[in-house]
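2 protein chains.
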Amino acid sequence: MIIRDYMDNIGRKSVLASSKLKSLSTESKNKILISIARKIRADKNIIILANEEDVKLAREKGAADPMINRLILDENKIENIAKSVEAIAELPDPVGKILFKTERPNGLLINKISVPLGVIGIIYESRPNVTVDASVLCIKAGNACILRGGSESYNSNLSLAKAINSAIIESEVDENIIQFVETTDRAAVDYMLRDMVDHIDVIIPRGGKGLVKKVQDLAKVPVIGHLDGICHIYVNNSADLDTAIKIIHNAKLRRTEICGAVETLLIDEEYAKNNLPKIISDLMDANCEVRGDADSMKIDNRIIPAKIEDWSTEYLDSIISVKLVKDVYGAIDHIAKYGSGHTESIISENNEIANEFLRLVDSAIVMHNASTQFADGGEFGLGAEIGIATGRLHARGPVGLEALTTYKYIVKGSGQIRSQ
Amino acid sequence: MIIRDYMDNIGRKSVLASSKLKSLSTESKNKILISIARKIRADKNIIILANEEDVKLAREKGAADPMINRLILDENKIENIAKSVEAIAELPDPVGKILFKTERPNGLLINKISVPLGVIGIIYESRPNVTVDASVLCIKAGNACILRGGSESYNSNLSLAKAINSAIIESEVDENIIQFVETTDRAAVDYMLRDMVDHIDVIIPRGGKGLVKKVQDLAKVPVIGHLDGICHIYVNNSADLDTAIKIIHNAKLRRTEICGAVETLLIDEEYAKNNLPKIISDLMDANCEVRGDADSMKIDNRIIPAKIEDWSTEYLDSIISVKLVKDVYGAIDHIAKYGSGHTESIISENNEIANEFLRLVDSAIVMHNASTQFADGGEFGLGAEIGIATGRLHARGPVGLEALTTYKYIVKGSGQIRSQ
């Protein structure tokens, strides 16, 4: 297979399919989604068989348990995938919303209306459910989608993509609105990133840091996503200790592998003297390793010395780093220097200081007295998300249906011409 | 001067200045603007002298008249620049707007708030007023700005930048919020585009196609802007002839050099038989050259044959191309193939057909019975604009203050943790 020809063909078909999908009604789009949920349920045995093949290959290659867990599809997981498709069908259509309207003195009526983005490329690994989640969010927002999954879940992804495509055909819509790249050749990814500017409007990477970094480095096509989730919690002098312990425990340990997990704790010096050992004890009781700066080690000698790299490390594990700061501005400075712009939280009973933190910390999500693990579109009431963005353009924070649209201006006149 | 060191230093100072500017109140930002307007008026003789130097050099190099006209600053133009600064001070602050708010069942209060983008790079040529327009729009939206003007207006730009910087210092704000690149070495542009990803959040090019193409090809930093304005008018069978003639005349000839000028006319075959000669006569009476396809030439032998390249040419001159189409879908197909996604207009007395055109043409601006020359932020009631974008991400159509912001989510809790 010549990758260039194969991918160009996919690209051309996507652009064509996208132009048809753009004009589908909400009802037609939801019908496709319902049909996809039905077909996934109907095909569950085929999907499980394909998945078993991937799991067997992964085990033979000696894949680690967390990877195997992300990979496995059982009846229960497939039912959850089907249910999440139905849930997205229930969400309001993000297309056709009037974002702004005005009538000009010359009588021109101007409407700013949300429209689909066009063609979206998804490059992902490990979790086969992304095949469905991404397809369905794209269809709901009127976008064609090119899916490139990882080789470790190739058979599972392909079986899910086939279910999706046959559901689309049953709905009498161009099946090319969703195209799965049927090769594990890495040249296909490089080609998508560098050479498909005319066919793909935006690429969304889903996966580990290695994948995202490659996407960001190579891409000529615009990318929405995030590389690191180096999230901070700052404990202010005014913090309630029980609240602090409870939030830090949850933010670090509820799930250590997600991007919203906290990695670094910043604590006011004064507050640390009395309270740091209690916070550390709680974490160590749950087998969390604690690394800290020299000042923190003077207060609690159970702390292991942190290296300079620790401040910019996303552990994604039961490890946390601790640093003492003079005040809220010390915390803000540290976050500006080492943060990744994802999510930061302040624990404080002083609202004035909390507001200063919320105002000055320039991350996608800033929180007061809440766990950073709430960083999730669903938890924000925004519906399903395709990821979290830490870039500053187009979409920031949870990337849901709205981020998969753009807009156009519709101007209605009655013969107006512009004067000199 | 080592360009890398010089530009890195500018970049670092911009990021620092940006973090201070982000937290300035509306009142403080407007005070800077008023002070800039005052200083520009006070410095008008210095600015005119600097400009005379540029004009002299341009004449010596044999620059064409339109270029000289764009370059010249007289007392009247300087007064208009100062007035436009004051007008931007009057506009509402785009920062701090609540874009979405919700209270979750668990009591979390979620606010999505507009915030400044950060550091904006402007790469421009010819028109020295861009130095002021861009600076002032950036300050109003809380952004630091790095200005790189063309060598042909170097002295004018520098004198305006000096007026801006001294007004900022008088306002006791970090003058580095606006930095003018004081070299005409082209390596500085290349460095901005490729190597300042960590210092510049977005680059906005202002100038001719050569400049914009270079920016789009080289940039690793995200770019907002447009390359071509190949705008179309489609005349439907139901069009009122007087309206059609009046709008086409205005859309082509009011100003031929702007991106919103129409370049191609698409006309229903039936309609053309009776009416094309009248439309052509009106254009030819105003010395407009008309190039057309074979079908149009059969109807009117004054039409010169169009080549295939004509359909994708932005003339920016008194030239128009004409093509006959079967119906509205023929027009939509032609626009999808050759358009640049800028602005297209339908002339029609049939609202159903007009709505089909407005729905299916996927350009930043679509119009009904109005001149494409209205494609302008000011004409849309959006206030001053920094350009028009034809990309699909972040900003589309007129790029005003809103496009110079992003947002963050502020989450207020009372100790909430996320359950398993």
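Chains as they are written, first to last, in the numbering used here: chain A, 1 to 420; chain B, 1001 to 1420.
The beta-carbon is built from N, C-alpha and C at its ideal position, and this holds for glycine as well.
Predicted model, so just to flag it, every value in this text is computed and none were measured.
Tell me, please, whether the CB atom of residue 232 of chain A is closer than 9 Å to any CB atom in chain B?
-> In terms of beta-carbon proximity, residue 232 of chain A stays away from the interface with chain B, with every pair separated by 9 Å or more.
Residue 1069 of chain B versus residue 1244 of chain B: straight-line alpha-carbon distance, rounded | As the crow flies, the alpha-carbon of residue 1069 of chain B is around 32 Å from that of residue 1244 of chain B.
Cβ neighbours of residue 1173 of chain B in the same chain (closer than 8 Å, five flanking residues each side left out) | For residue 1173 of chain B, where only same-chain residues beyond five positions count, the Cβ hits under 8 Å are 1020, 1021, 1024, 1028 and 1032.
Where do the N-terminal and C-terminal ends of the beta strand (DSSP E) with residue 180 of chain A fall, by residue?
-> From DSSP, the beta strand (DSSP E) with residue 180 of chain A extends over 178–180.
Using CA coordinates, which residue listed in B:1115, B:1154, B:1226 and B:1277 is at the minimum distance from residue 1258 of chain B?
-> For residue 1258 of chain B, the closest alpha carbon among the candidates B:1115, B:1154, B:1226 and B:1277 is that of B:1226.
At which residues does the beta strand (DSSP E) containing residue 1144 of chain B begin and terminate?
-> Counting along the chain, the beta strand (DSSP E) containing residue 1144 of chain B begins and ends at 1144–1148.
Helix, strand or coil: which one does DSSP assign to residue 86 of chain A?
-> When secondary structure is reduced to three states using DSSP, residue 86 of chain A falls in the helix class.
Do residue 1394 of chain B and residue 1116 of chain B come within 9 Å of each other at the CB atom, strictly closer than that value?
-> Result no, Cβ atoms of residue 1116 of chain B and residue 1394 of chain B do not sit closer than 9 Å.
Under a three-way DSSP split, which group does residue 231 of chain A fall into?
-> The DSSP-derived three-state label of residue 231 of chain A is strand.
The segment 1174–1203 of chain B: which residues have C-beta closer than 9 Å to a C-beta of chain A, in chain order?
-> Of all residues in the segment 1174–1203 of chain B, 1201 and 1202 have a Cβ within less than 9 Å of some Cβ in chain A.
Are there three or more Cβ pairs, one per stretch, closer than 8 Å when the segment 325–343 of chain A is compared with the segment 253–270 of chain A?
-> Counting Cβ pairs under 8 Å, three or more are found: they touch.
Using the beta-carbon of each residue, which ones in chain B are nearer than 8 Å to residue 408 of chain A?
-> Going along chain B in sequence order, the residues near residue 408 of chain A (Cβ under 8 Å) are 1362, 1363, 1364, 1365, 1366, 1396 and 1397.
Report the residues of the segment 1241–1259 of chain B with a CB closer than 7 Å to any CB of chain A, ordered along the chain.
-> Along the segment 1241–1259 of chain B, going in chain order, the ones with a CB nearer than 7 Å to a CB of chain A are 1243, 1246, 1247, 1250 and 1254.
Determine the DSSP secondary structure at residue 1274 of chain B, reduced to helix, strand or coil.
-> Annotated three-state conformation of residue 1274 of chain B is helix, per DSSP.
Residue-chain proximity (residue 1026 of chain B, chain A), Cβ-Cβ < 9 Å = No, residue 1026 of chain B does not count as interfacial toward chain A.
Under the DSSP definition of a beta bridge, which residues are partnered with residue 1116 of chain B?
-> Per DSSP, B:1405.
Going along chain A, which residues have a C-beta under 7 Å from residue 1369 of chain B?
-> The answer, in chain order, is 413, 414 and 415.
Closer than 9 Å, CB to CB, is residue 1325 of chain B near chain A or not?
-> Cβ-Cβ to chain A under 9 Å: no for residue 1325 of chain B.
Terminal residues of the continuous beta strand (DSSP E) containing residue 1368 of chain B?
-> The continuous beta strand (DSSP E) containing residue 1368 of chain B extends over residues 1365–1370.
Using a Cβ cut-off of 7 Å, pull out every chain A residue sitting near residue 1023 of chain B, in sequence order please.
-> Within chain A, the residues whose beta carbon sits less than 7 Å from that of residue 1023 of chain B are 359 and 360, listed in sequence order.
Using the beta-carbon of each residue, which ones in chain A are nearer than 9 Å to residue 1102 of chain B?
-> Per Cβ cutoff of 9 Å: 380, 381 and 382.
Hey, is residue 998 of chain B's beta-carbon within less than 9 Å of any beta-carbon in chain A?
-> Coverage of chain B is limited to positions 1001 through 1420, which leaves residue 998 of chain B absent and any answer about it impossible.
Just the C-alpha distance for residue 93 of chain A and residue 1167 of chain B, rounded to the nearest angstrom, thanks.
-> So the alpha carbons of these two residues sit roughly 48 Å apart.
Just the C-alpha distance for residue 1281 of chain B and residue 203 of chain A, rounded to the nearest angstrom, thanks.
-> Those two C-alpha atoms are separated by around 49 Å.
In terms of residues, what are the limits of the alpha helix (DSSP H) holding residue 100 of chain A?
-> Annotation for residue 100 of chain A: no alpha helix (DSSP H) segment contains it, though the beta strand (DSSP E) segment containing it runs 98–103.
So, is the C-beta of residue 238 of chain A closer than 9 Å to a C-beta in chain B?
-> For residue 238 of chain A, the nearest beta carbon of chain B is not closer than 9 Å to its own beta carbon.
Determine which residues share a DSSP beta bridge with residue 291 of chain A and list them.
-> Bridge partners of residue 291 of chain A: A:304 and A:321.
Run the CB neighbour count on residue 1076 of chain B, radius 10 Å, all protein chains shown included, and call it buried at 16 or more, exposed below.
-> Around the beta carbon of residue 1076 of chain B, a 10 Å sphere encloses fewer than 16 other beta carbons of the protein chains shown; the residue is thus reported as exposed.
Look at the Cβ atom of residue 125 of chain A, then the Cβ atom of residue 211 of chain A, and state whether they are nearer than 9 Å.
-> Yes, these two residues count as a Cβ contact at 9 Å.
Considering residue 262 of chain A, what are the terminal residues of the alpha helix (DSSP H) in which it resides?
-> Unbroken run through residue 262 of chain A is the beta strand (DSSP E), 262–268; no alpha helix (DSSP H).
Can you pull the DSSP bridge partners for residue 111 of chain A?
-> Secondary-structure assignment with DSSP links residue 111 of chain A through a beta bridge to A:101 and A:410.
Are the C-beta of residue 1019 of chain B and some C-beta of chain A separated by less than 9 Å?
-> Chain A contact via Cβ: present.
Quick one: is the Cβ of residue 1051 of chain B within less than 8 Å of any heavy atom of the ligand ADP?
-> By its list of ligands, the structure shown contains no ligand whatsoever, and the ligand ADP lies outside what it can speak to.
CB contact below 9 Å: residue 1112 of chain B versus chain A | When Cβ-Cβ separations below 9 Å define contact, residue 1112 of chain B makes contact with chain A.
Roughly how far, in whole angstroms, is the beta-carbon of residue 1373 of chain B from the beta-carbon of residue 1229 of chain B, given that I think they are within contact range, below 8 Å?
-> Rounded, the Cβ-Cβ distance is 11 Å, inconsistent with contact.
Ends of the alpha helix (DSSP H) at residue 41 of chain A?
-> That run of the alpha helix (DSSP H) goes 26–42.
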